[in-house]
Amino acid sequence: MMQGKLILVVEDEAPIREMLRFALSRADFRVAEAGNAQEARLRIADERPDLILMDWMMPGVSGVELTRELKSQATTRDIPVIMVTARAEEEDKVRGLNIGCDDYVSKPFSYPELIARIQAVIRRASPGGEDERVAINGLEVDAASQRVTANGKPVRLGPTEYRLLHFFVSHPERVYSREQVLDRVWGQNVYVEERTVDVHIRRLRKALEPFGFDAMIQTVRGSGYRFSQTI
0 MMQGKLILVV EDEAPIREML RFALSRADFR VAEAGNAQEA RLRIADERPD
50 LILMDWMMPG VSGVELTREL KSQATTRDIP VIMVTARAEE EDKVRGLNIG
100 CDDYVSKPFS YPELIARIQA VIRRASPGGE DERVAINGLE VDAASQRVTA
150 NGKPVRLGPT EYRLLHFFVS HPERVYSREQ VLDRVWGQNV YVEERTVDVH
200 IRRLRKALEP FGFDAMIQTV RGSGYRFSQT I
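Residues 0 to 230, numbered by numbering that gives the first Met the number 0, are exactly what the sequence shown covers, in order.
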């Protein structure tokens with residue numbers, strides 16, 4: 000699904016653009032580059048990207064201002080944007096998300112994490128994405144048939160465990176609190192105690208354990224849970 004997708008890297012530092020180009024090309028993405036807002040506008044006019052990696056701090060028009068501009072225009076508002084920045088304060092993250100960013104990556108970051116986030120955002124933005132298969136390191140979730148396989152072998156899951164796994168594989172490398180998991184998997188209008196999440200996480204891990212995939216669901220102490228490709 001990701002092969003040939005075009006990623007526009009908007010970053011004023013050439014060495015960083017080069018490193019990103021190398022990492023993205025290895026992941027079978029096509030890459031366009033822009034060193035400032037004007038170059039970004041020209042690249043977008045030349046060929047609409049499937050996703051934009053946007054540097055927060057740039058001379059002239061900042062990444063925040065350019066993102067706000069793109070999200071305000073009918074022709075570009077649907078292009079997913081991941082903000083890449085050294086600003087890690089929660090207030091800055093909220094500001095980035097409030098202007099329409101689809102995700103936020105703080106420097107320094109690992110390239111596997113960045114690739115996973117790009118893949119997740121593109122899947123969410125793609126029409127008909129719910130009908131697609133998501134495969135990570137041999138673990139495959141087929142949303143159309145609601146079947147899960149591990150290295151080709153069927154994994155038997157209850158409906159709640161399936162929804163949990165589907166949510167996690169669609170949002171890899173991000174930490175979610177129990178409250179956030181409840182809202183995303185059970186729904187905001189359903190009252191369920193937060194400890195219910197822990198029960199279903201244990202069941203999901205137990206189902207994945209015979210195949211060696213249980214460690215992909217990681218507990219982040221004091222924060223919640225994360226699904227990670229790195230075991």
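For every residue, glycine included, the Cβ atom is placed at its ideal position computed from N, Cα and C.
A contact between stretches requires three or more CB pairs, one per stretch, nearer than 8 Å, and the stretch 54-62 fails this requirement with the stretch 143-154. According to the DSSP assignment, Pro-153 belongs to no alpha helix (DSSP H) but to the beta strand (DSSP E) extending over 152-154. Assignment of Gln-37 by DSSP, reduced to helix, strand and coil, places it in the helix class. Going by DSSP, Gln-217 is part of the beta strand (DSSP E) stretching over 216-219.
Annotation for Val-184: Arg-162, Leu-163 and Phe-166 place their beta carbon closer than 6 Å to its own, counting only its chain and skipping 5 residues before and after.
Residue burial annotation: Pro-171 is buried, with at least 16 other C-beta atoms found within 10 angstroms of its C-beta. Following the DSSP letters along the chain, one finds Val-8 in no alpha helix (DSSP H) but inside the beta strand (DSSP E) bounded by residues 5-9. Each residue's CA atom was taken as its position, placing Lys-205 and Gly-211 some 10 Å apart.
Counting along the chain, the unbroken beta strand (DSSP E) around Gly-223 starts and ends at 223-226. Between the stretch 105-122 and the stretch 36-43 there are fewer than three inter-stretch CB-CB distances shorter than 8 Å, so the stretches are not counted as touching. The residues Ala-26, in chain order, have a CB closer than 6 Å to that of Ile-114 in the same chain once the five nearest residues on each side in sequence are set aside. Non-local C-beta neighbours of Glu-10 in its own chain, meaning closer than 6 Å and more than five positions away in sequence, comprise Arg-16 and Asp-54, ordered along the chain.
Note on Lys-106: under 16 other CB atoms within 10 angstroms of its CB, so exposed under the neighbour-count rule.
Taking a 10 Å sphere around the C-beta of Ala-143, we find fewer than 16 other C-beta atoms and assign the residue as exposed. In terms of Cβ geometry, Ile-6 and Leu-69 do not form a close pair [threshold 7 Å]. When only Cα atoms are considered, Thr-159 and Phe-28 end up about 34 Å apart. Rounded to the nearest whole angstrom, the CA to CA distance from Val-8 to Leu-19 is 8 Å.
Under the three-state reduction of DSSP, Arg-76 is assigned to coil, being neither helix nor strand. Bounds of the beta strand (DSSP E) holding Glu-139 are 138-141.
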